[in-house]
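Following numbering that gives the first Met the number 0, the numbering of the sequence shown begins with 0 at its first residue and continues without gaps. C-beta: ideal position from N, C-alpha, C; glycine also. Notes to accompany the following structure.
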Amino acid sequence: MNKQEWIQQVEKYDQLANDIRMQLWENPEVAGEEKFASALYRKVLVENGFTITEVPDMPYAFVAEYGQGSPVIAVLGEYDALPNSSQKVSAVKEEVNAGGNGHGCGHNILGAAALAGTLAAKDMIEANKLTGTIRFYGCPEEETLIGKVKMIKAGMFDGCDVALSWHPMSTNQVYENSYLANNSIKFKFYGVASHAGFAPHLGRSALDAVELMNVGANYLREHIIDQARVHYTTNSAGFPPNIVHPYADVWYYVRAPHRSDVNEITERLTDVAKGAALMAGVTMEVEKISGTHEAKGVPTMTDLAYKNLVEVGAPKFNTEEMAFAEELQGTLTDFQITNDLKLIGKRREDNPVLHQEVCSMEINRTCTINASSDSGDVSMIMPMALFTTACWPVGAPAHSWQATASTGHSIAHTGAMTAAKVISGMIHDMLEDPSMVVKMKEEHAATHDTYVNPLD
Ligand SMILES: [Zn+2]
Numbered sequence: 000m001n002k003q004e005w006i007q008q009v010e011k012y013d014q015l016a017n018d019i020r021m022q023l024w025e026n027p028e029v030a031g032e033e034k035f036a037s038a039l040y041r042k043v044l045v046e047n048g049f050t051i052t053e054v055p056d057m058p059y060a061f062v063a064e065y066g067q068g069s070p071v072i073a074v075l076g077e078y079d080a081l082p083n084s085s086q087k088v089s090a091v092k093e094e095v096n097a098g099g100n101g102h103g104c105g106h107n108i109l110g111a112a113a114l115a116g117t118l119a120a121k122d123m124i125e126a127n128k129l130t131g132t133i134r135f136y137g138c139p140e141e142e143t144l145i146g147k148v149k150m151i152k153a154g155m156f157d158g159c160d161v162a163l164s165w166h167p168m169s170t171n172q173v174y175e176n177s178y179l180a181n182n183s184i185k186f187k188f189y190g191v192a193s194h195a196g197f198a199p200h201l202g203r204s205a206l207d208a209v210e211l212m213n214v215g216a217n218y219l220r221e222h223i224i225d226q227a228r229v230h231y232t233t234n235s236a237g238f239p240p241n242i243v244h245p246y247a248d249v250w251y252y253v254r255a256p257h258r259s260d261v262n263e264i265t266e267r268l269t270d271v272a273k274g275a276a277l278m279a280g281v282t283m284e285v286e287k288i289s290g291t292h293e294a295k296g297v298p299t300m301t302d303l304a305y306k307n308l309v310e311v312g313a314p315k316f317n318t319e320e321m322a323f324a325e326e327l328q329g330t331l332t333d334f335q336i337t338n339d340l341k342l343i344g345k346r347r348e349d350n351p352v353l354h355q356e357v358c359s360m361e362i363n364r365t366c367t368i369n370a371s372s373d374s375g376d377v378s379m380i381m382p383m384a385l386f387t388t389a390c391w392p393v394g395a396p397a398h399s400w401q402a403t404a405s406t407g408h409s410i411a412h413t414g415a416m417t418a419a420k421v422i423s424g425m426i427h428d429m430l431e432d433p434s435m436v437v438k439m440k441e442e443h444a445a446t447h448d449t450y451v452n453p454l455d
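Okay, here's the thing in structure tokens:
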């Protein structure tokens, strides 16, 4: 079998990937609740001769393995949805269920395409009698940025040589370095309740501490690096205004390009919280919810992903897909569209609506993603590829209703099948020439520090 035949084998799984995409889109499960999705993937993988390994204390995570010997190649599949993201396949903002879940990050197609690429590669390993192992990782809880961090801690990635990951997006490109490191932390304040009219002097307000902390954090912003992001949401536990709040908490995200920056800012933020507690006369507790590393690649892996994306070619969309994308794009602001176009080196008048080219390596080497993902941690323990394909219109951000509408439409399937072929093609090249895996691992060892799990 030659490379083209190998890549075309993915077409055999076109219908399966499309069915999974729609089944998950219609049954969107948020992080930690992916019962339906995980059962669906397990069933297909077992039917295709994969052996399943369970992950301790994570019922919706699994590792499915096929083949033997090295290299051992991990393919990452995610399937969780987002809360409050329900949206019909419509160019008008319209929920399927009020306040319901939805696939605004496209994980319904992320896992489906990863699976199609994996199954096609498995067929070819069998047909060509090749040595090598492929592992499909069923990765829940990505949206809470913790699933893969827990799986790493449980040793589930031990023995893997490299990992392949992709993400639905508005553009076709590969990333050398992407994703911001992140900490998700809750600061809990405990005060003394009192009637706010009769005896305010006897109360000590936890809500005061939250407000003082937020003021301090907003002053802190001026004195941290430009690329860092600090955001928060508060919970005053439902106490009415006439009660001095005995409890309140504030949930923070700290993001920055490097884990070391995130650690430093988190320490300073914790000092701000301590100061706020002291001022309000309350006590406090810190709950670390999750933490991730930035994604950091190696050149040989980036080059391989790019070579395969070029070989497969950018997705080609049909007239109906283009028309729907145009309608969806019409709901975006000019700034959103222009900003996205700038990232792919296009002018406003060039607007392709759906990206149908592959970004140049010049763009790929410098482009990043201003969001966080637990796959960053996988990139810290082994060489990991990360690429995106166009699955929604240029200008539409991930986690938007326009993205949810697109992932329920064939636009996303078209983009996802490109990704499936790239995954299969990359596996082909690494099995044909395992020396490139050795090179990737050498590059990784030379450029990555010893991994410290954020949960430790
Ligand atoms: Zn995502």
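Measure how close the beta-carbons of A445 and Y178 come, nearest whole angstrom, since I'm counting them as under 8 Å.
-> Not a contact, Cβ separation roughly 21 Å.
Compare the Cα-Cα distances from V229 to each of P240, G237, A236, G215 and report the closest residue.
-> Ranking P240, G237, A236, G215 by Cα distance to V229 puts G215 first.
Note down the Cα distance separating G99 from L211, rounded to an integer number of angstroms.
-> In a straight line, the C-alpha of G99 is about 34 Å away from that of L211.
Identify every run of the alpha helix (DSSP H) within the stretch 154-237, keeping only runs that are complete inside it and at least 4 residues long; order them along the chain.
-> If we require 4 residues or more, the alpha helix (DSSP H) runs fully inside the stretch 154-237 come out as 205-219.
Please specify which runs of the beta strand (DSSP E), each continuous and at least 3 residues long, are wholly inside the stretch 19-80, giving them in chain order.
-> Listed in chain order, they are 50-53, 61-67, 71-77.
Cα-Cα separation, L219 to L268 | Rounded to the nearest angstrom, the two C-alpha atoms are 8 Å apart.
Confirm the yes/no value for this check: CB of L109, any heavy atom of ligand 1, distance under 8 Å.
-> Within the cutoff, so yes.
Considering S289, what are the terminal residues of the beta strand (DSSP E) in which it resides?
-> S289 -> beta strand (DSSP E) spans 282-291.
Looking at the unbroken beta strand (DSSP E) that takes in Y246, where does it start and where does it end?
-> Following the DSSP letters along the chain, one finds Y246 inside the beta strand (DSSP E) bounded by residues 246-255.
Go through its chain and collect everything with a Cβ distance to K185's Cβ below 7 Å, but skip five positions before and after it.
-> D248, W250, E286, I288.
What are the boundary residues of the beta strand (DSSP E) that includes L385?
-> Where L385 is concerned, the enclosing beta strand (DSSP E) stretches over 383-389.
Whole-number beta carbon distance between A404 and S89, since they are thought to touch under 8 Å = Contact check for S89 and A404: beta-carbon distance about 6 Å, within the 8 Å limit, so the pair qualifies.
Under a three-way DSSP split, which group does V243 fall into?
-> Three-state DSSP puts V243 in a strand.
In or out: N83 buried (at least 16 other Cβ within 10 Å) or exposed?
-> When all chains shown are included, N83 counts as exposed.
Evaluate K156 with the Cβ neighbour count: other Cβ atoms within 10 Å of its Cβ, from every protein chain shown; 16 or more gives buried, anything less gives exposed.
-> Contrary to the premise, residue 156 reads as Phe rather than Lys in this sequence. With 16 or more Cβ atoms within 10 Å of its Cβ, F156 is classed as buried.
Please determine, among N127, G137, P27, the residue with the shortest C-alpha to C-alpha distance to I51.
-> Selected option, being the one with the closest Cα: G137.
Let me know the secondary structure DSSP gives R267 once reduced to three states.
-> The answer is helix: DSSP assigns R267 an H, G or I state.
E441: beta carbon under 8 Å from a heavy atom of ligand 1?
-> No, ligand 1 has no heavy atom inside 8 Å of this Cβ.
In its own chain, which residues sit with a C-beta less than 8 Å from the C-beta of P55, not counting the 5 before and 5 after it?
-> Taking C-beta separations shorter than 8 Å and ignoring five residues to either side along the sequence, the partners of P55 in its chain run A153, following chain order.
May I ask you to report which of helix, strand or coil DSSP gives F316?
-> Coil.
Between F61, A30, E32, which lies nearest to R41 when the distance is taken from Cα to Cα?
-> Comparing Cα positions, the closest option is F61.
Distance, Cα to Cα, G158 vs K121?
-> Rounded to whole angstroms, G158 to K121 spans 19 Å at the Cα level.
heavy atom of ligand 1 below 8 Å from E142 C-beta | Checking the Cβ of E142 against ligand 1 gives yes.
Taking 9 Å as the cut-off, decide whether the C-beta atoms of E140 and Y65 are in contact.
-> No, these two residues do not count as a Cβ contact at 9 Å.
Closest by C-alpha distance to M150, when choosing among A112, N213, E53, A115 | Considering only alpha carbons, the answer is E53.
Residue closest to N115, alpha-carbon to alpha-carbon, out of D455, L201, V436, A418 | The sequence shown places Ala at residue 115, rather than the Asn named in the question. Of D455, L201, V436, A418, the residue nearest in Cα terms is A418.
Skipping 5 residues on each side, what residues in its chain have a beta carbon closer than 6 Å to that of K295?
-> Cβ neighbours of K295 beyond the five flanking positions: N176, S378.
Beta-carbon proximity check, V297 vs H443, cutoff 9 Å | Yes.
Proximity test, H166 beta-carbon vs ligand 1 heavy atom, cut-off 8 Å | Within the cutoff, so yes.
Taking 9 Å as the CB-CB cut-off, is D428 touching chain B?
-> No chain B is part of this structure, which consists of one protein chain only.
Closest Cα partner of V393 within the set I410, L81, T233 = For V393, the nearest C-alpha among the options comes from I410.
Would you be able to state if there are at least three C-beta pairs under 8 Å between the stretch 298-305 and the stretch 192-203?
-> Output reads no: the stretch 298-305 does not touch the stretch 192-203.
Rounded distance between the beta-carbons of A113 and I422, thought under 8 Å = I422 to A113, Cβ: 6 Å. Contact.
Mind checking which residues open and close the beta strand (DSSP E) that includes I133?
-> According to the DSSP assignment, I133 belongs to the beta strand (DSSP E) that extends over 131-138.
Grouping DSSP H, G and I as helix and E and B as strand, with all else coil, what is A324?
-> Note: A324 maps to helix in three-state DSSP.
Flag this pair as yes or no: are the beta carbons of A119 and K11 separated by less than 9 Å?
-> Yes, the Cβ-Cβ distance between A119 and K11 is below 9 Å.
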